[in-house]
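K.L.:
Okay, handing you the structure first.
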Amino acid sequence: MLADKRILLIIGGGIAAYKALDLIRRLRERGASVRAVMTAAAQQFVTPLSVGALTADHVFTDLFDRQDEQDVGHIRLSREADLIVVAPATADLMAKLAQGLAGDLASAVLLATDKPVLMAPAMNPRMWAHPATRRNQVQLLADGVRLIGPGRGEMAESGEAGEGRMAEPLEIVAAIAAAFGGGPLAGRHVLVTSGPTHEPIDPVRYIANRSSGAQGTALAAALRDLGARVTFVTGPAVVPPPVRVEVVRVETAREMASAVEAALPADAAVMAAAVADWRVTNASGQKLKKDGSGKPPALDFAENPDILAMVAKGSKRPRLVVGFAAETADVVAHATAKRARKGCDWIVANDVSPATGIMGGAENAVTLISDQGAETWPRMGKDAVARKLAARIAEALA
Ligand code: C5P
Numbered sequence: 206m207l208a209d210k211r212i213l214l215i216i217g218g219g220i221a222a223y224k225a226l227d228l229i230r231r232l233r234e235r236g237a238s239v240r241a242v243m244t245a246a247a248q249q250f251v252t253p254l255s256v257g258a259l260t261a262d263h264v265f266t267d268l269f270d271r272q273d274e275q276d277v278g279h280i281r282l283s284r285e286a287d288l289i290v291v292a293p294a295t296a297d298l299m300a301k302l303a304q305g306l307a308g309d310l311a312s313a314v315l316l317a318t319d320k321p322v323l324m325a326p327a328m329n330p331r332m333w334a335h336p337a338t339r340r341n342q343v344q345l346l347a348d349g350v351r352l353i354g355p356g357r358g359e360m361a362e363s364g365e366a367g368e369g370r371m372a373e374p375l376e377i378v379a380a381i382a383a384a385f386g387g388g389p390l391a392g393r394h395v396l397v398t399s400g401p402t403h404e405p406i407d408p409v410r411y412i413a414n415r416s417s418g419a420q421g422t423a424l425a426a427a428l429r430d431l432g433a434r435v436t437f438v439t440g441p442a443v444v445p446p447p448v449r450v451e452v453v454r455v456e457t458a459r460e461m462a463s464a465v466e467a468a469l470p471a472d473a474a475v476m477a478a479a480v481a482d483w484r485v486t487n488a489s490g491q492k493l494k495k496d497g498s499g500k501p502p503a504l505d506f507a508e509n510p511d512i513l514a515m516v517a518k519g520s521k522r523p524r525l526v527v528g529f530a531a532e533t534a535d536v537v538a539h540a541t542a543k544r545a546r547k548g549c550d551w552i553v554a555n556d557v558s559p560a561t562g563i564m565g566g567a568e569n570a571v572t573l574i575s576d577q578g579a580e581t582w583p584r585m586g587k588d589a590v591a592r593k594l595a596a597r598i599a600e601a602l603a
């Protein structure tokens with residue numbers, strides 16, 4: 206997939222720059238050629254000498270180097286690449302491209318290119334969380350830039366834990382392959398459900414749950430990054446849906462069921478939505494008012510369709526059906542029973558007791574239940590869970 210591809214790698218100034226060396230090695234092992242541009246800050250972390258030894262090419266560092274400009278020039282640098290990868294992409298480089306600044310070689314190349322750009326952000330968690338970086342991220346995605354990561358984990362320099370750690374070189378390689386239409390899930394269609402559902406009581410009130418949609422969104426993005434075509438059916442989630450997936454927005458469980466039905470056939474279905482079990486059958490067309498009697502309104506309920514069971518037992522059953530089980534006690538026992546009852550292949554079980562902070566939080570601790578038994582994963586970020594699960598899905602569909 207990567208044979209003969211020309212990658213222009215821009216190395217930004219952060220401690221993760223050392224991982225760029227491994228990235229170059231892995232890309233060249235796969236037959237790609239790599240040409241490197243280093244910012245001034247990057248050279249504080251790794252030297253052009255080591256980078257050049259691995260790329261077996263000249264390393265470009267200066268917009269105003271007359272020899273370099275004469276020989277290649279920043280316009281040709283970007284023209285002679287099939288893909289531009291920025292790893293690590295610092296907050297500074299993201300900001301420069303989001304704003305269209307071009308005062309140094311790296312940013313000038315990024316502004317001058319018409320080739321796809323993939324950025325692997327890496328920075329301190331507070332810098333990543335800063336509203337300015339958030340705005341730049343949204344702008345870059347809107348401009349068509351692909352982003353891989355960052356993940357959660359311990360920061361190399363401070364030992365601080367949080368989101369901001371650069372994706373691992375192999376994950377970046379997979380994202381590069383996916384950008385070229387490759388990746389282990391190329392040609393596969395995966396359906397992902399996500400978020401809560403809202404079940405109306407009257408025009409302004411509804412019954413809902415605490416699902417933020419974070420895990421489903423991370424999964425859809427991870428599956429997309431492995432090359433899958435993703436249909437993302439989402440209830441009203443807090444987290445915005447990923448880019449470059451087909452988004453179908455629904456509100457109620459019944460709407461979700463129809464959207465799921467319409468999205469089949471698929472090679473795999475990953476049902477991460479927290480679907481309301483019940484809907485109100487006597488929802489009022491008008492806003493319910495207190496009638497002065499002090500009595501609450503009587504609501505009648507009917508059971509919602511079980512979308513997961515419907516997919517797993519239906520005539521258009523995908524090859525792999527993955528359900529989730531949010532439990533507050535006896536997680537493995539309940540989830541194992543659920544797997545059998547719903548007819549799905551895997552259940553991703555987690556403990557959502559309030560003490561775990563999982564529902565609506567950034568981390569997840571899951572147990573994967575399959576016909577091979579139960580496998581408990583260490584607690585990690587929801588994006589890391591997503592990437593691990595996406596890799597397992599790719600293996601199962603291989
Ligand atoms: O039965 P329970 O809600 O615990 O099952 C959770 C799993 O079933 C999740 O994968 C969820 O998306 C799915 N589900 C569904 N339709 C429902 C209820 C749950 O698809 N009505």
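Under the working numbering, the first residue of the sequence shown carries the number 206, and numbering increases by one thereafter.
Glycine residues also receive a C-beta, built at the ideal position from the N, C-alpha and C atoms.
(1) Would a C-beta distance cut-off of 8 Å place ILE552 and ALA530 closer than the cut-off?
(2) Rounding to the nearest angstrom, what Cα-Cα distance links ALA427 and ARG592 in this structure?
(3) Return yes when at least one heavy atom of the ligand C5P lies under 7 Å from the C-beta of GLY528, else no.
(4) Going by DSSP, what residue range makes up the alpha helix (DSSP H) through MET324?
(5) Just grab the DSSP bridge partners of PHE437 for me.
(6) Mind checking whether the beta-carbon of THR398 lies closer than 7 Å to any heavy atom of the ligand C5P?
(7) In chain order, what residues of the same chain lie with their CB nearer than 7 Å to the CB of ILE353, ignoring the 5 residues before and after it?
(8) Is LEU345 near SER283, with beta carbons less than 8 Å apart?
(9) With a 10 Å radius around its C-beta and 16 neighbouring C-beta atoms as the bar for buried, classify VAL409 as buried or exposed.
(10) For MET206, collect the residues of the same chain with a Cβ closer than 7 Å to its Cβ; drop the 5 residues on either side in sequence, then sort them by chain order.
(11) Considering only heavy atoms of the ligand C5P, does any lie closer than 7 Å to the CB of ASP276?
(12) Pick out the complete alpha helix (DSSP H) segments inside the segment 503-586, 4 residues or longer, and give them in chain order.
(13) Thinking C-beta only, is LEU424 closer than 8 Å to VAL465?
(14) When every heavy atom of the ligand C5P is checked, does at least one fall within less than 7 Å of the C-beta of ILE563?
(15) Write down the C-beta distance between THR572 and VAL537 rounded to the nearest angstrom, noting that I regard them as a contact closer than 8 Å.
(16) Should ILE280 be labelled buried (16 or more other beta-carbon atoms within 10 Å of its own) or exposed?
(17) Does at least one heavy atom of the ligand C5P sit under 7 Å from the Cβ of ASP482?
(18) Specify whether the segment 256-263 and the segment 231-248 touch according to this definition: at least 3 beta carbon pairs, one from each stretch, less than 8 Å apart.
(19) Out of curiosity, what's the CA-to-CA distance linking GLY499 and GLN491?
(20) Thinking ALA488 and ASP407 are a contact (beta carbons under 8 Å), I'd like their distance in whole angstroms, please.
(21) Does the distance between the C-beta of LYS587 and the nearest non-hydrogen atom of the ligand C5P fall short of 7 Å?
(22) Return yes when at least one heavy atom of the ligand C5P lies under 7 Å from the C-beta of ASP511, else no.
(23) Once you ignore the five residues that flank LYS320 on each side, which residues in its own chain have a CB closer than 7 Å to its CB?
(24) Just to confirm my understanding: we take ALA567, look at its own chain, exclude 5 residues before and 5 after, and list those with CB closer than 8 Å. What are they?
(25) Around the C-beta of ARG370, are 16 or more other C-beta atoms found within 10 angstroms, so that it is buried, or is it exposed?
(26) Do ARG454 and PRO510 have their C-beta atoms within less than 8 Å of each other?
(27) Report yes if the C-beta of LYS521 is less than 7 Å from at least one heavy atom of the ligand C5P; otherwise report no.
(28) Looking at MET476 and the ligand C5P, is the gap between the Cβ and the nearest heavy atom below 7 Å?
(29) Near PRO583, which residues of its chain fall below 8 Å by C-beta distance, leaving aside the five closest residues on each side in sequence?
(30) Measuring straight from C-alpha to C-alpha, what distance separates VAL395 and GLU274?
(31) By how many angstroms is the C-alpha of ARG522 removed from the C-alpha of ALA473?
(32) Is LEU390 near ALA433, with beta carbons less than 8 Å apart?
(33) Are the beta-carbon atoms of ALA292 and PHE250 separated by less than 8 Å?
(34) Using CA atoms only, rank isn't needed, just tell me which of ALA589, ALA599, THR541 is closest to GLY578.
(35) ARG240 bridges to which residues according to DSSP?
(36) Considering only residues of the same chain and omitting the five flanking positions on each side of VAL443, which have a CB-CB separation below 7 Å?
P.N.:
Once the coordinates are examined:
(1) Yes, they are a contact pair.
(2) Each residue's CA atom was taken as its position, placing ALA427 and ARG592 some 5 Å apart.
(3) Under cutoff, so the answer is yes.
(4) Per DSSP, MET324 belongs to no alpha helix (DSSP H); it is in the beta strand (DSSP E), 322-326.
(5) As DSSP reads the structure, PHE437 sits in a beta bridge with VAL397, VAL452.
(6) At least one heavy atom of the ligand C5P is nearer than 7 Å to the Cβ of THR398, so yes.
(7) Excluding sequence neighbours, ILE353 sits near LEU323, ALA325, ALA372, GLU376, ILE377, ALA380, ASP430.
(8) No.
(9) Exposed.
(10) Counting only Cβ-Cβ distances below 7 Å, and skipping sequence neighbours, we find ALA382, PHE385, GLY387.
(11) For ASP276, the shortest C-beta to heavy atom distance toward the ligand C5P is 7 Å or greater.
(12) Whole alpha helix (DSSP H) segments, 4+ residues: 512-518, 536-547.
(13) 8 Å or more divides the Cβ of VAL465 from the Cβ of LEU424.
(14) Incorrect: ILE563 has no Cβ contact closer than 7 Å to the ligand C5P.
(15) A Cβ-Cβ separation of about 6 Å places THR572 in contact with VAL537 under the 8 Å criterion.
(16) The C-beta of ILE280 has fewer than 16 other C-beta atoms within 10 Å across all chains shown, which makes the residue exposed.
(17) Yes, the ligand C5P has a heavy atom inside 7 Å of this Cβ.
(18) At 8 Å Cβ cutoff, the stretches touch.
(19) If I take the Cα positions, the gap works out to 19 Å.
(20) Taking C-beta atoms under 8 Å as the contact rule, ALA488 and ASP407 qualify, at a distance of about 6 Å.
(21) No - the ligand C5P has no heavy atom lying nearer than 7 Å to the Cβ of LYS587.
(22) Indeed, a heavy atom of the ligand C5P lies less than 7 Å from the Cβ.
(23) Around LYS320, the same chain offers SER283, ALA286, ASP287, LEU288, ILE289 as residues with beta carbons nearer than 7 Å, after the five sequence neighbours per side are excluded.
(24) Cβ neighbours of ALA567 within its own chain (closer than 8 Å, five residues either side excluded): ARG357, GLU368, ALA419, GLY586, LYS587.
(25) Buried, since its Cβ has 16 or more Cβ neighbours within 10 Å.
(26) Cβ atoms of ARG454 and PRO510: not closer than 8 Å.
(27) Not so, every heavy atom of the ligand C5P lies at least 7 Å from the Cβ.
(28) Yes, the Cβ of MET476 comes within 7 Å of a heavy atom of the ligand C5P.
(29) A distance below 8 Å between beta-carbons, with the five flanking residues on each side excluded, links PRO583 to the following residues of its chain, in chain order: ALA570.
(30) Spanning the two alpha carbons is a distance of roughly 46 Å.
(31) Distance between the alpha carbons of ALA473 and ARG522 is about 9 Å.
(32) With contacts defined by Cβ atoms closer than 8 Å, LEU390 and ALA433 form a contacting pair.
(33) Contact flag unset, no.
(34) The shortest C-alpha separation from GLY578 is found at THR541.
(35) DSSP lists LEU213 as the beta-bridge partner residues of ARG240.
(36) The beta carbon of VAL443 sits closer than 7 Å to those of SER417, GLY418, all from its chain and outside the five residues before and after it, given in chain order.
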